[in-house]
Structures are given as structure tokens and as C-alpha cells.
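Visitor: Numbering (this note's numbering), first residue to last: 170 to 335. Where is the CB? At the ideal position from N, CA and C, for every residue including glycine. Dropping the structure in here first, questions after.
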């Protein structure tokens, strides 16, 4: 059915960047600050763009380069809707296929839903960066970007920009 095809078609990474100014608006709404107050520089052109969000190059007021990951507007709601459709498909497959039922296909979909919703909370990603940095602290050649807590919310993740490091 078209409803299923539409949901599956949205699961892609080859997407157009947000409209001009949209990322700035999201950052300002989330941080409660004007971009010019939070950052000394903020590039409106994204470094990368994907289905859940995009990343912009910026600099903190002290000059440190950062990457600012901005979640697309309405993406959480779309993911929830899409996962409901995928859950319906999984239920159908389990009812009509022996292998899917034995494998617990619907349970896998539920786990995927939880993981995807966690991925949509950038505070969880910031905590993961911190844990990873702690776990790998003994390896001096591995560098994990630090998140900037004052400029991180559920929909905006600001972290050190690691470029040109050897």
C-alpha cells in the first residue's frame, strides 16, 4: 500500500539541506539565545545533511571551532509514524511467516524503534561521547570530540570540530 511505500521511502540519507535560515531558527529556539550570542561564527551551509539532521561549522565566542548538529523539524513525529507502519508490517509478517515469528521480527522492530528514538535525543549522544572519551582515555592517538553542554539540547548537539588532526 502507498502508506507503507511512503514510510519506507523516507528512510534515506540522500536528502536536501534545510531551507536557508531554518537551522539558525532551530538553534535559537533550542538554546534560547541568538546564534550571534552563542557563536562568533556560524556557517549557514551545512557540512553534511542526512534524513534526521544536518551539521554546521561554527565557532564558540572563544574562537574554538565546533560542529553544530541540528535536528530536522518534525523528524521525531515522522519517525514515530513511520515506525508504526513498520510495526504493522512486522506484525503481518509474523502472522503469515513461520521464520519471522520464530525470529521475533516484531520484537526486533520494537528494539529498533527504541534505538532510533534515543538517537533523536542529542543529549544521549552527548553522554555517549563523554563515556566513549572516558573509555578510550588510555589511547592517546584516539580523539573523541567533547560535547559543549551549554549548547546541547535534545535537538541541537554542539561538539568540538576535529579537522586536520594527525
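Report the partner residues of residue 234 according to the DSSP bridge assignment.
Guide: Reading the chain shown from its first residue, position 65 is the one you call residue 234. Beta-bridge pairing links residue 234 to 228.
Visitor: Three or more beta-carbon pairs under 8 Å between the stretch 257-273 and the stretch 234-247, yes or no?
Guide: no
Visitor: Taking the continuous alpha helix (DSSP H) assigned at residue 250, which residues delimit it?
Guide: Counting from 1 along the chain shown, the entry for residue 250 is found at position 81. Segment 244-265, the alpha helix (DSSP H) holding residue 250.
Visitor: Output the distance between the C-alpha atoms of residue 207 and residue 229, rounded to the nearest integer angstrom.
Guide: Here residue 207 corresponds to residue number 38 of the chain shown, with the count starting at 1. Here residue 229 corresponds to residue number 60 of the chain shown, with the count starting at 1. Their Cα atoms are separated by approximately 7 Å.
Visitor: Hey, would you say residue 240 sits closer than 9 Å to residue 186, going by beta carbons?
Guide: Counted from its first residue, the chain shown places residue 240 at position 71. Counted from its first residue, the chain shown places residue 186 at position 17. No, the Cβ-Cβ distance between residue 240 and residue 186 is not below 9 Å.
Visitor: So, for residue 237: in the same chain, excluding its five sequence neighbours on each side, which residues have a beta-carbon less than 6 Å away from its beta-carbon?
Guide: Working through the chain shown from its first residue, we reach residue 237 at position 68. 225, 227, 327, listed in sequence order.
Visitor: Who pairs with residue 327 in a beta bridge, going by DSSP?
Guide: Here residue 327 refers to the residue found at position 158 of the chain shown. According to DSSP, residue 327 bridges with 237.
Visitor: Taking the straight line between their C-alpha atoms, what separation do you get for residue 321 and residue 295?
Guide: Residue numbering aside, residue 321 sits at position 152 when the chain shown is read from its first letter. Residue numbering aside, residue 295 sits at position 126 when the chain shown is read from its first letter. Taking the straight line joining both Cα atoms gives about 8 Å.
Visitor: Just to confirm, is the Cβ distance from residue 302 to residue 315 under 9 Å?
Guide: If you number the chain shown from 1, residue 302 lands on position 133. If you number the chain shown from 1, residue 315 lands on position 146. Going by C-beta atoms, residue 302 is nearer than 9 Å to residue 315.
Visitor: So, helix, strand or coil for residue 222, using DSSP?
Guide: The residue labelled residue 222 in the question sits at position 53 within the chain shown. Here residue 222 sits in strand by DSSP.
Visitor: Would you mind sorting residue 312 into buried or exposed? The rule is 16 or more other CB atoms within 10 Å of its CB.
Guide: The count along the chain shown starts at 1 and reaches residue 312 at position 143. Residue 312 comes out exposed.
Visitor: Have a look at residue 205 and residue 190 and give me their C-alpha separation to the nearest angstrom.
Guide: By 1-based counting over the chain shown, the position of residue 205 is 36. By 1-based counting over the chain shown, the position of residue 190 is 21. The alpha-carbon atoms of residue 205 and residue 190 are separated by roughly 13 Å.
Visitor: For residue 249, count neighbouring Cβ atoms within 10 angstroms of its own Cβ and tell me buried if that reaches 16, exposed if not.
Guide: For the purposes of this step, residue 249 is taken as the residue at position 80 of the chain shown. Residue 249 is classed as exposed because its beta carbon has fewer than 16 other beta carbons within 10 Å across all chains shown.
Visitor: Taking its Cβ as the centre, do 16 or more other Cβ atoms sit within 10 Å of residue 196, making it buried, or is it exposed?
Guide: Position 27 of the chain shown holds residue 196. Counting other Cβ atoms within 10 Å of its Cβ, residue 196 reaches 16 or more and is therefore classed as buried.
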